[in-house]
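Asker: Questions regarding the structure given below will be posed in turn.
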Amino acid sequence: MNNELRIMQNIYYDNSATTKVDPKVLKAMLPYLENEFGNSGSVHSFGQRALAAVDEARDKVANFFGSEAQEIIFTSGATESNNLAIRGVVDNAIKGGQKVHIITSKIEHPAVLEVFKYLEKNNLVETDYVEVDENGVIKLDQLEKKIKENTVLVSIMYANNEVGSVQPIESVKKILKQVQNDRGEKGLPLYFHVDAVQAVNHLDCNVDMLGADLLSLSGHKIYGPKGIGALYVRKGVKLAPIVFGGHQEYNIRTGTLNVPGIVGLGVAIELVAKEKGPSKLKEKLVAELKNISDIKFNGDLENQLPNIINISFLNAEGESILMMLDMEGIAISTGSACSSGSLEPSHVLTAMGIKPQWSHGCIRISLGRFNSEAEVEPFITALKTTIEKLRKMAP
Ligand SMILES: Cc1ncc(COP(=O)(O)O)c(C=O)c1O
Numbered sequence: 246m247n248n249e250l251r252i253m254q255n256i257y258y259d260n261s262a263t264t265k266v267d268p269k270v271l272k273a274m275l276p277y278l279e280n281e282f283g284n285s286g287s288v289h290s291f292g293q294r295a296l297a298a299v300d301e302a303r304d305k306v307a308n309f310f311g312s313e314a315q316e317i318i319f320t321s322g323a324t325e326s327n328n329l330a331i332r333g334v335v336d337n338a339i340k341g342g343q344k345v346h347i348i349t350s351k352i353e354h355p356a357v358l359e360v361f362k363y364l365e366k367n368n369l370v371e372t373d374y375v376e377v378d379e380n381g382v383i384k385l386d387q388l389e390k391k392i393k394e395n396t397v398l399v400s401i402m403y404a405n406n407e408v409g410s411v412q413p414i415e416s417v418k419k420i421l422k423q424v425q426n427d428r429g430e431k432g433l434p435l436y437f438h439v440d441a442v443q444a445v446n447h448l449d450c451n452v453d454m455l456g457a458d459l460l461s462l463s464g465h466k467i468y469g470p471k472g473i474g475a476l477y478v479r480k481g482v483k484l485a486p487i488v489f490g491g492h493q494e495y496n497i498r499t500g501t502l503n504v505p506g507i508v509g510l511g512v513a514i515e516l517v518a519k520e521k522g523p524s525k526l527k528e529k530l531v532a533e534l535k536n537i538s539d540i541k542f543n544g545d546l547e548n549q550l551p552n553i554i555n556i557s558f559l560n561a562e563g564e565s566i567l568m569m570l571d572m573e574g575i576a577i578s579t580g581s582a583c584s585s586g587s588l589e590p591s592h593v594l595t596a597m598g599i600k601p602q603w604s605h606g607c608i609r610i611s612l613g614r615f616n617s618e619a620e621v622e623p624f625i626t627a628l629k630t631t632i633e634k635l636r637k638m639a640p
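With the numbering used here as the guide, the letters of the sequence shown map in order to residues 246 to 640.
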């Protein structure tokens, strides 16, 4: 019998997939799962106390984005926010039978790309996809050329979830502003949607600075609970609802409000404003990773989220690295959580033109608030052993 004691790590390096709920968030939510269970739409005191909590959270989210409280719509998460933003604009614009054109990029999250794919089936909707360079940054000249007379929406993410490349949102704002000026005040509106899910923890998200008309947020990426998110909708933006029912959320997103989730989101976003990203930790990890041979860092290294490292190893499959590290108690990802489990190279790496021998050996390390320097050494040791083993087994 082997008496050797196996030390299991407990290292979570997958914070771009989801984050642990901050204890302060949990504490604020608990009363709304216990005695303060009222429906925020009810007239009695139970309901009014719930409504007061919702209003307070709405103010906190609005404050973070530099918007007005009435411009914040609570949703079930960023997937729904993205669907509502894109389908809401399109459904409203095609009401009179007009044909519309919408633009996004090739590296968006499926919560944008799949909505575009769905809308392509409607013969009133035409779509276009902007390419990215080898660093995963959108080609602005292409975007400019793709805008047509009937373009009603441009949807570009603030920062990519797989490679962390930050997109030139302010330059997009300038391009769209020029188009809108040329169209004149009475011309067709051209709205700008920003999927800010991965950026919220680290970057300035003031909606006026970004020029966003619509902006998506997710609770579980910012140490809040799952199943809650928000969509910022600039005053005057015309959006059709995509689900039908009661009158909640200004008739744009009906359904009984998720009061505990909303309270949690409010506290989570308040904490984001106070706590900044773990970039020192990233520097330390990158320095250690550079000692491994035959590697390549992916993404815009000059302008990348401070919590994401995307790295490729020659002759070691990303999925195998993930599984072997998991057996040691270490969680990483091979891309977005959605593409994990598929052996196809991710659409993001493909769009960046990364060759298959590199894209197959790709992993994403995403750091978060609860990671510590003490984890770096055991992680690097486990990773080096894993890579050595896999390379020995490689044909
Ligand atoms: C960039 C981006 N957009 C949208 C989503 C979807 O968010 P949610 O899980 O809240 O639906 C994610 C989740 O990974 C994401 O990273």
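Beta carbons are placed, not taken as given, at the ideal position from N, Cα and C, and that holds for glycine.
1) Let me check you understand the geometry: is the CB of S578 closer than 7 angstroms to at least one non-hydrogen atom of ligand 1?
2) Hey, K269 and L516: beta-carbon distance below 8 angstroms or not?
3) Taking the alpha carbon of H354 as the reference point, which residue from E313, L398, N328 has its own alpha carbon closest?
4) Note down the Cα distance separating S584 from N552, rounded to an integer number of angstroms.
5) Would DSSP call S524 helix, strand or coil?
6) Could you pull the start and end residues of the alpha helix (DSSP H) that F309 belongs to?
7) Alpha carbon to alpha carbon, how far is E316 from G333?
8) Take the Cβ of N260 as the centre, count every other Cβ of all protein chains shown within 10 Å, and call the residue buried at 16 or more, exposed below.
9) Would you kindly check if the distance between the Cβ of I331 and the Cβ of T396 is under 8 angstroms?
10) Where DSSP assigns a beta bridge to G474, which residues make up the other side?
11) Identify which residue in P470, I383, L476, L570 has its Cα closest to the Cα of G544.
12) So, is L398 buried or exposed, given that buried needs 16 or more other C-beta atoms within 10 angstroms?
13) Is Y443 near ligand 1, with its Cβ less than 7 angstroms from a heavy atom?
14) Is there contact here, the segment 527-535 with the segment 501-518, by at least three beta-carbon pairs under 8 angstroms?
15) Would you identify the three-state DSSP class for Y258, choosing helix, strand or coil?
16) Could you check which residue in E520, L559, E547 has the C-alpha nearest to that of S538?
17) Quick one: what's got a C-beta closer than 8 angstroms to D336's C-beta in the same chain, skipping five residues either side?
18) Using 8 angstroms as the threshold, is the C-beta distance between S239 and G490 below it?
19) Express the C-alpha separation of N280 and E494 in angstroms, rounding to a whole number.
20) In the DSSP assignment, find the beta strand (DSSP E) that holds E389 and state where it starts and stops.
21) Going straight from the alpha carbon of V482 to that of D458, what length do you get?
Answerer: Checking against the coordinates, here is how it stands:
1) no
2) yes
3) N328
4) Since pLDDT at S584 reaches only 48, below the 50 mark, its modelled position is unreliable, and the value read off the structure follows with that caveat. Approximately 19 angstroms between the Cα atoms of the pair.
5) helix
6) 290-310
7) 15 angstroms
8) buried
9) no
10) T320, S463
11) I383
12) buried
13) Note that residue 443 is Gln in the sequence shown, not Tyr. Result yes, Cβ under 7 angstroms from ligand 1.
14) no
15) coil
16) L559
17) A485, I487
18) With the chain covering only 246 through 640, there is no way to say anything about residue 239.
19) 24 angstroms
20) Looking at the DSSP string, E389 is not in any beta strand (DSSP E); the run it does join, the alpha helix (DSSP H), is 385-391.
21) 7 angstroms
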